[in-house]
Every structure is written in structure tokens, then in C-alpha cells.
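Numbering (the numbering used here), first residue to last: 11 to 237.
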């Protein structure tokens, strides 16, 4: 989860989030190279080391046409690859439906009979010692570790957005429409997210908590919860 004054990303806990972090670093290096080149050329101009013959050279025209195109290709190829990976949902091990309301989430495990629940934020006055303010909920989303989970996202009233940064997931919840995303939690843990679309007065008070647990524990929980 996020820490106070954190500057970078949260720890990646899914393969997709790891890819996103690596692409972010790749894009930053490209931006750094461009800025360095621009500053270098500015320094040459300020020191009058560029002559009119250099500025008007055909070779320079060729370079500043090809170089931006090459940079765009360097950014586009890995970006398109990650976009394809994020949209690909093949043979999920578990399907979860998340429904946004003002101002809480409802969840349905479609692979199980009668396994549905609402998830509300725990008020500060009822928060157990050691839990996180404005992030804890009364019912967590439980998923098995190292299993591909498909999440079908929609809303009951207004626009919402189901987002869990550590898992690399952010999908709009739109009334009357079903969006889908997927994730694979690579290790056990508790991952926090929040509604990421302004949805009214209590937009800040509808957190998302995903708990990744070993498969045996998930099976025990699901059998107890659906009975």
C-alpha cells in the first residue's frame, strides 16, 4: 500500500503491474535522453558554436525527422504490448463481479452459488486498533494467490472506477455497461484501492480491499460464505 510522502509506485504485486513499472522507467529514460539532447543543443547555441551552415544542413533535417519517429516507435511498441496484455482475458480461474453504488461496492462470485456481499468502509469510530483509517472495509474481496481473476465491473447509479494500484487494475464502472479486467496476485497479501472516479459527496469513502490468500484458505472461505 502507499506510504506517507511516497514518491514512486506502490510495490508491484501482479505481472501486469511489474510490466507497467518497467515501461514507466523505460519512458523516463527516453524523456531524459531527449531533455539532455535539447539542453546540449541549447548550450551550443548560447556559446555560438553552431554556424549558419550547420543549422541549414540537409543532414540535420534528416536527423530531426528520423529521430522523433524512432523515439515514438520505442514508446509505442512496449505500450501496445502492455495494452494487449491488460485486455487479454483467457480462461480465468475465477470470475468476480464488482458493482459500484453511492457509496459502497457490491461483489458477486459468479462461480459460486449465493456468494454475494456488500462492502462498506468501516467508520473511524468502529475501526479496530492497528487498521487503516478510510481504507478498511467490513467485507474484503478474497481471491486465491497465483490464480487469474476476471473482474466484471459495472455501476448501479453513477460513474465509479474500480482501482487497485498494487495489482495494476483500474476499470471504469458505468451504469448499463459491463467492463472487464483481470489480474493475478503473485503473492499473498492485502491490497488497498479506492474509487477513482468522482461520484458524489462520499466519493472518498468507498475503498476497495483485496486479500490474496492460498487456494486452500480461499476454498474454505468460499464454502463457509456460500453456505
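Here a beta-carbon is modelled for each residue, glycine too, at the ideal position from N, C-alpha and C.
- In the assembly as shown, residue 146 is a buried residue. Its beta-carbon has 16 or more other beta-carbons within 10 Å.
- Beta-carbon to beta-carbon, residue 158 and residue 188 are separated by about 18 Å, too far to satisfy the 8 Å threshold.
- For residue 179, same chain residues with a beta-carbon under 6 Å away, outside a window of 5 residues either side, are 191 and 193 in chain order.
- Distance from the CA of residue 72 to the CA of residue 78, rounded to the nearest whole angstrom, comes to 11 Å.
- DSSP places residue 91 within a helical segment (H, G or I) once states are collapsed to three.
- Of the residues 134, 127 and 117, the one whose Cα lies closest to the Cα of residue 105 is 117.
- The Cβ atoms of residue 24 and residue 177 lie closer than 8 Å to each other.
- By alpha-carbon distance to residue 41, the top candidate from 223, 81 and 86 is 81.
- With a cutoff of 8 Å on beta-carbon distance, residue 154 and residue 75 are scored as not near each other.
- Residue burial is scored here from C-beta neighbours: residue 170 has at least 16 other C-beta atoms within 10 angstroms and is therefore classed as buried.
- Counting only runs of 3 or more residues that sit fully inside the region 104–132, the beta strand (DSSP E) segments are 104–111, 114–119 and 126–129, in chain order.
- Within the same chain, 219 and 221 come within 7 Å of residue 200 by CB-CB distance, once the 5 residues on both sides are set aside.
- Among the bridge pairs identified by DSSP, residue 41 is matched with none.
- Here residue 149 is not near residue 122, since their CB atoms are 8 Å or more apart.
- Restricting attention to 45, 94, 15 and 231, the CA atom closest to the CA of residue 29 is found in 94.
- Nearest to residue 205 by C-alpha distance, out of 143, 32 and 181, is 181.
- Look at residue 76 here: in three-state DSSP terms it is helix.
- Per the coordinates, the alpha-carbon of residue 236 lies some 40 Å from the alpha-carbon of residue 90.
- A residue is called buried once 16 or more other Cβ atoms fall within 10 Å of its Cβ, and residue 129 is buried on that count.
- DSSP places residue 236 inside the alpha helix (DSSP H), whose first and last residues are 225–236.
- Contact check for residue 161 against residue 108 passes: the beta carbons are separated by less than 8 Å.
- Runs of alpha helix (DSSP H) with 4 or more residues, each lying fully within the region 165–219, are absent.
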